[in-house]
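A quick write-up on the structure given underneath.
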Amino acid sequence: MRRLLALGYTVLVIGCNNNGSGSSEGTSTRPPEPEAMNCVIQKSYPHDTSSFIEGLLIYDGSLYESTGNNGHSKLLKVNLNTGKAEKELRLDSTYFGEGIAILRDTIYQLTYKTGVAFVYTLK
């Protein structure tokens with residue numbers, strides 16, 4: 000039994016030894032650092048800073064926002080120039096609003112943990 004343990008230990012030590020010799024095939028290398036991006040703010044818009052934003056996009060000249068907050072999640076259509084909500088749809092308190100996407104005048108809103116997606120027609 001001792002010989003078997005000694006053999007297993009020896010194989011483990013030799014197999015884990017990385018002394019730089021041999022092929023580098025199969026070893027992972029660190030990816031290069033990403034290049035820094037320079038950004039310039041072109042315009043800013045007023046916004047309710049108390050919103051816990053989970054999804055945000057601009058579509059057809061309006062800002063659409065999904066907020067997530069236990070018992071207070073909602074979907075908003077916001078006027079870009081004033082920052083005021085033009086339409087507001089509150090989710091039932093059992094849902095925590097997450098991200099949104101729009102495709103062909105249909106908005107899709109995801110929820111957290113419940114696995115429910117809400118689908119709304121914009122027109």
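So in numbering that gives the first Met the number 0 the end of the sequence shown lands on 122, straight run, no missing numbers. Cβ atoms here follow ideal geometry from the backbone N, Cα and C, with glycine treated the same way.
Under DSSP, no beta-bridge partner is assigned to G67. Residue range T105 to T110 is occupied by the beta strand (DSSP E) that includes T105. Here DSSP, grouped into helix, strand and coil, assigns I13 to helix. Within the same chain, and ignoring the five residues on either side of K122 in sequence, the residues whose Cβ sits closer than 7 angstroms to its Cβ are D104.
Taken through DSSP and simplified to helix, strand or coil, R29 comes out as coil. A distance below 6 angstroms between beta-carbons, with the five flanking residues on each side excluded, links S65 to the following residues of its chain, in chain order: E53, G54, L74, G96, I99 and Q108. Counting along the chain, the unbroken beta strand (DSSP E) around T120 starts and ends at A116 to T120. For A100, the enclosing beta strand (DSSP E) begins and ends at G96 to L102. Residue L62 holds the alpha-carbon nearest to the alpha-carbon of N80 among L62, R89, S72 and L90.
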